[in-house]
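Residue numbers for the sequence shown follow the numbering used here, beginning at 502 and rising by one. Even for Gly, the Cβ is constructed at its ideal location relative to N, Cα and C. What follows is a short report on a single structure.
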Amino acid sequence: MGEYPYHFTDEMKCDALKIYTDEGSHAYFSAKLEHEIRECYGLTLKIDSFANEYFESLEDHLNGIPSCRKDLAILSVVIVAESAILSDLFSKMKRIVYEAIRQIIKLHLMDEAFHANYYMQILKHVWVQLQNKDKIVMRKLIKDAVRISCRPRTKVFEFSLTTLGFDTFTINEILSQTFDESYHRIRDKQRFKSFNSKKIMLGLVLV
Ligand SMILES: [Fe+2]
Ligand SMILES: [Fe+2]
502 MGEYPYHFTD EMKCDALKIY TDEGSHAYFS AKLEHEIREC YGLTLKIDSF
552 ANEYFESLED HLNGIPSCRK DLAILSVVIV AESAILSDLF SKMKRIVYEA
602 IRQIIKLHLM DEAFHANYYM QILKHVWVQL QNKDKIVMRK LIKDAVRISC
652 RPRTKVFEFS LTTLGFDTFT INEILSQTFD ESYHRIRDKQ RFKSFNSKKI
702 MLGLVLV
């Protein structure tokens, strides 16, 4: 990985393989659930192209990183994403009352807790091996990754509201009121705080 050898242990490599297979299983049950819901309600509309906003932002971000820093940039994105999904799933679960769905999310949550913890260990492992100049770069890359993960994914809301019959003017009003400056400020702060409180950032002061 990049210019550092890092020396990952065999156990770390095995756990990485477990995470890889976990994510395959998550993709499978998500697709299966989607298929069952579509069949049950006769849904034909596809929203994939409206739901890719986050991945497009990540791609733009990674394309702008010089190749010598690409390893740290990808690692930062993964660390942040695995922690973000954990807190997102946790807050979603609290609002779900249908037991079968709760159970699915609970199982997913257990996997994601393992992933987030794993990447915390990887960050520790990598961090101590970095030279100071790369620690500065990594700090910035983690901040960038947090900001990208906090950005609201408005395209899918635009699409849903259009489908429900709202006009463009009303949609723009709803979105600009929902995702105003205070939303961004509070969301950024919450996410940075949640990373720091988990000590995932190893004393990196992000806020
Ligand atoms: Fe997952
Ligand atoms: Fe994960």
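Straight-line CA distance for Val708 to Val647?
The predicted position of Val708 is uncertain, since its pLDDT is 39 and thus under 50; no value can be drawn from it.
For the alpha helix (DSSP H) containing His508, list its first residue and its last residue.
Per DSSP, His508 belongs to no alpha helix (DSSP H) and is neither H nor E.
Quick one: residues in its chain with C-beta nearer than 6 Å to the C-beta of Met639, no 5 flanking neighbours on either side, listed in chain order?
The residues are Leu573.
Rounded separation between Ile605 and Phe530 - CA only:
Ile605 and Phe530 have their C-alpha atoms roughly 9 Å apart.
For Ser577, report the span of its alpha helix (DSSP H) as first-last.
Counted as a single uninterrupted DSSP element, the alpha helix (DSSP H) harbouring Ser577 occupies residues 571-594.
Any heavy atom of ligand 1 closer than 7 Å to the CB of Glu613?
Yes, since a heavy atom of ligand 1 falls inside the 7 Å radius drawn around the Cβ of Glu613.
Same chain only: Cβ atoms within 8 Å of His527, ignoring 5 sequence neighbours per side
His609, Asp612
Tell me the DSSP secondary structure of Gln604 in three-state form.
helix
Just to confirm, does Ile586 get its C-beta within under 7 Å of one of the non-hydrogen atoms of ligand 4?
The model depicted lacks ligand 4 and carries ligand 1 and ligand 2 instead.
Enumerate in chain order the residues of its own chain whose CB-to-CB distance from Cys569 is below 6 Å, with the five nearest sequence positions on each side excluded.
Correct list: empty, nothing qualifies.
What would DSSP say about Asn553, mapped onto helix, strand or coil?
coil
Beta-carbon gap between Val579 and Tyr521 smaller than 8 Å:
no
Cα separation between Cys515 and Glu504?
23 Å
Return the CA-CA distance between Asp668 and Phe551, expressed in angstroms with no decimal places.
Taking the straight line from one Cα to the other gives about 18 Å.
To the nearest angstrom, how far is it from the Cα of Ile623 to the Cα of Ser577?
Using only the alpha carbons, I get a separation of about 11 Å.
Which residues bound the alpha helix (DSSP H) around Val598?
Where Val598 is concerned, there is no enclosing alpha helix (DSSP H), given that its DSSP letter is neither H nor E.
Give the C-beta separation of Arg652 and Ser558 to the nearest angstrom, bearing in mind that I take them to be a contact with Cβ-Cβ under 8 Å.
6 Å
Got a sec? Which residues, its chain only, sit under 8 Å from Glu659 by beta carbon, not counting five neighbours each side?
Phe551, Ile672, Leu676
What three-state label does DSSP hand Ile566 in the structure shown?
coil
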